[in-house]
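A.B. asks: Sharing a structure below in structure tokens format, with a few things to ask.
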Amino acid sequence: MNAREPIGVIGAGWVGLVTAACFSELGHEVYVRDIIPEKIESLARGEVPIFEPGLSEMLERNSERLHYTTDMGDLLPNAQLLFCCVDTPPSYSGDADLSRVNRVVQELGDSADHALIMKSTVPVGTGRSIRRNANGIGYVSNPEFLKEGSAVHDFMNPDRVVVGFDEGDYGDRVVALYEPLDAPIIRTDVASAEMIKLASNAFLATKISFINEIANVSEELGANVDEVSRGMGLDARIGPQFLRAGLGWGGSCFPKDVTALKQLAGNSGYHFQLLTAVIEVNELQKRRAIGKLQKHLGTLVGKEIALLGVAFKPNTDDIREATALVLAGRLQSEGANVRAYDPVATGRAADLLRGTHIAESAMEAIDGADAVVLVTEWPEFRELDWAGEVKQKLARPLVVDGRNFLDRELMMRAGYTYEGVGR
Ligand code: UGA
Numbered sequence: 001m002n003a004r005e006p007i008g009v010i011g012a013g014w015v016g017l018v019t020a021a022c023f024s025e026l027g028h029e030v031y032v033r034d035i036i037p038e039k040i041e042s043l044a045r046g047e048v049p050i051f052e053p054g055l056s057e058m059l060e061r062n063s064e065r066l067h068y069t070t071d072m073g074d075l076l077p078n079a080q081l082l083f084c085c086v087d088t089p090p091s092y093s094g095d096a097d098l099s100r101v102n103r104v105v106q107e108l109g110d111s112a113d114h115a116l117i118m119k120s121t122v123p124v125g126t127g128r129s130i131r132r133n134a135n136g137i138g139y140v141s142n143p144e145f146l147k148e149g150s151a152v153h154d155f156m157n158p159d160r161v162v163v164g165f166d167e168g169d170y171g172d173r174v175v176a177l178y179e180p181l182d183a184p185i186i187r188t189d190v191a192s193a194e195m196i197k198l199a200s201n202a203f204l205a206t207k208i209s210f211i212n213e214i215a216n217v218s219e220e221l222g223a224n225v226d227e228v229s230r231g232m233g234l235d236a237r238i239g240p241q242f243l244r245a246g247l248g249w250g251g252s253c254f255p256k257d258v259t260a261l262k263q264l265a266g267n268s269g270y271h272f273q274l275l276t277a278v279i280e281v282n283e284l285q286k287r288r289a290i291g292k293l294q295k296h297l298g299t300l301v302g303k304e305i306a307l308l309g310v311a312f313k314p315n316t317d318d319i320r321e322a323t324a325l326v327l328a329g330r331l332q333s334e335g336a337n338v339r340a341y342d343p344v345a346t347g348r349a350a351d352l353l354r355g356t357h358i359a360e361s362a363m364e365a366i367d368g369a370d371a372v373v374l375v376t377e378w379p380e381f382r383e384l385d386w387a388g389e390v391k392q393k394l395a396r397p398l399v400v401d402g403r404n405f406l407d408r409e410l411m412m413r414a415g416y417t418y419e420g421v422g423r
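If you're matching positions, the sequence shown starts at 1 in the working numbering and goes up one per residue.
Below, the structure written as structure tokens:
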């Protein structure tokens, strides 16, 4: 089979669409299947249901090579390598819910001419169990390491590609797909590939929880965590990334994957102590902004609090496990009135942010507020006229900067009571 072999993508969510777009950009015919007819219809019309920079342009550019369907029967005759990109959300127990993956495996049945290439994040051992239960189908673990907001760039410029396989030549064929990207390719066994994914996310979350604790201690001891991160990050063994202190990590991946790894260890009889602490530190970190508000406002009953940013990070409309949701809930239970604004995510947030006023603009959220909490570091929040218009509109000049995003000196000079994180 040549390097431009056709591929199938099962699941037209965020991972599936980025995978489909990027392989079509690399010249492959791509057959995309999703069970939701409306999603497939809108993709076929050229409408992309998610916000991800560069994605819709790439899909549009390669539309001739992209084929959308709801029918698995359209994929099987056209492609042998089938990327599984369905979601594996957390279940009530904290274990990953594999029902969608299992449905895909069932649908594929005994297609001995096909291989399932697992991109969905699954527990270690999933590949082995699928192989045990499915007759003949090939299996390759090929975890994704894409970040929301830069997923297209990350796919085309990966730090590494991990291809885990135990037998057969499908692994080599998957490796061949990625060769044009000129990235290091790790060939390994399936279980190790599965663990690389979970361990990478757990390690990054650990790094953030670590710097957040350093920030909290720095507040007590008079150090500035931004300076500390800079000094630590230049050590090549530590590295500068994921050392930004803030209100903790959220999103659709870290909370789910860190909990899943902890549960997976627990199920195998091992108590993963470190991850237990990493999760707890993160939960407490999200709430620290409340204490800072109380320090200056006393009781929060009847206070008007503006949350700037709802998305779990900038450049995405994803609000899953977003800090703003926790903050809004806590503030309301303290009796505060909450207004929230986000440049792209408030539409999605309206359902989850019950009782919160969803503002149409940052200035609307700020108008008359007793305090502003900067929750997500959207660039436009830095551009606000803090010294002028914002200060005039606020009932009190109190800003809790949950991401150390604003210029502290400027804010102090403009007369704000400014609370950062570990500054
Ligand atoms: C994360 C990983 O970075 C990807 O490699 C992985 O593929 C993805 O999960 C996944 O498993 O699918 P993502 O969830 O898009 O990507 O977001 P990140 O950019 O990693 O940010 C995660 C959270 O950490 C955000 O809430 C962010 O605000 C927070 N963060 C990040 C910090 O608080 N400090 C930092 O220094 C960096």
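All C-beta atoms, glycine included, are put in the ideal place defined by N, C-alpha and C. Since the model is a prediction, treat every value here as computed from it, not as a measurement.
Under 7 Å from any heavy atom of the ligand UGA, does the C-beta of I208 make it?
C.D. replies: It does: the Cβ of I208 is within 7 Å (strictly closer) of some heavy atom of the ligand UGA.
A.B. asks: One question on the structure: do A20 and I40 come within less than 8 Å of each other, judged by their Cβ atoms?
C.D. replies: Taking 8 Å as the Cβ cut-off, A20 and I40 do not qualify as a contacting pair.
A.B. asks: Smallest Cα separation from A328: which of L243, K262, R339, P180?
C.D. replies: It is R339.
A.B. asks: Between the C-alpha atoms of M433 and A387, what's the straight-line distance to the nearest angstrom?
C.D. replies: No answer is possible for residue 433: it lies beyond the span of the chain, which begins at 1 and ends at 423.
A.B. asks: So, at 7 Å on beta carbons, what are the nonlocal neighbours of A44 in its own chain, with the 5 sequence-adjacent residues on each side left out?
C.D. replies: Answer for A44: Y68, listed in chain order.
A.B. asks: To test your reading of the DSSP string, which unbroken alpha helix (DSSP H) runs of 4 or more residues are found completely within the region 23–80?
C.D. replies: Fully enclosed alpha helix (DSSP H) runs of 4 or longer: 37–44, 55–61, 72–75.
A.B. asks: Since L398 contacts V390 with CB under 8 Å, what's their CB separation in whole angstroms?
C.D. replies: Wrong, their Cβ atoms sit about 12 Å apart, outside the cutoff.
A.B. asks: My output table needs one value for H357: the three-state DSSP class, helix, strand or coil.
C.D. replies: Strand.
A.B. asks: Would you say the beta carbon of G251 comes nearer than 7 Å to a heavy atom of the ligand UGA?
C.D. replies: Checking every heavy atom of the ligand UGA against the Cβ of G251, one is found closer than 7 Å.
A.B. asks: For my contact list, E29 and R65 are in at a C-beta cut-off of 8 Å; report their separation, rounded to the angstrom.
C.D. replies: Right, the Cβ-Cβ distance comes to about 5 Å (below 8 Å), so this counts as a contact.
A.B. asks: Report whether the distance from the Cβ of K313 to the nearest heavy atom of the ligand UGA is below 7 Å.
C.D. replies: K313: yes, Cβ under 7 Å from the ligand UGA.
A.B. asks: Which class does V105 belong to by DSSP, given the choice of helix, strand or coil?
C.D. replies: Looking at V105 - three-state DSSP - the assignment turns out to be helix.
A.B. asks: I want to know whether the region 262–273 touches the region 359–378 - three or more CB-CB distances under 8 Å.
C.D. replies: Contact fails: fewer than three Cβ-Cβ distances are below 8 Å.
A.B. asks: Check whether the Cβ atoms of I425 and S120 lie closer than 8 Å to each other.
C.D. replies: Residue 425 lies beyond the stretch modelled for the chain, which goes from 1 to 423, so this question has no answer here.
A.B. asks: Please tell me whether I117 and F83 are closer than 8 Å, where the distance is taken between their beta carbons.
C.D. replies: Result yes, Cβ atoms of I117 and F83 sit closer than 8 Å.
A.B. asks: Please report the residue range of the alpha helix (DSSP H) in which S200 lies.
C.D. replies: First-last of the alpha helix (DSSP H) with S200: 190–221.
A.B. asks: Would you tell me roughly how many angstroms separate the C-alpha atoms of L325 and L308, rounded to the nearest one?
C.D. replies: The alpha-carbon atoms of L325 and L308 are separated by roughly 12 Å.
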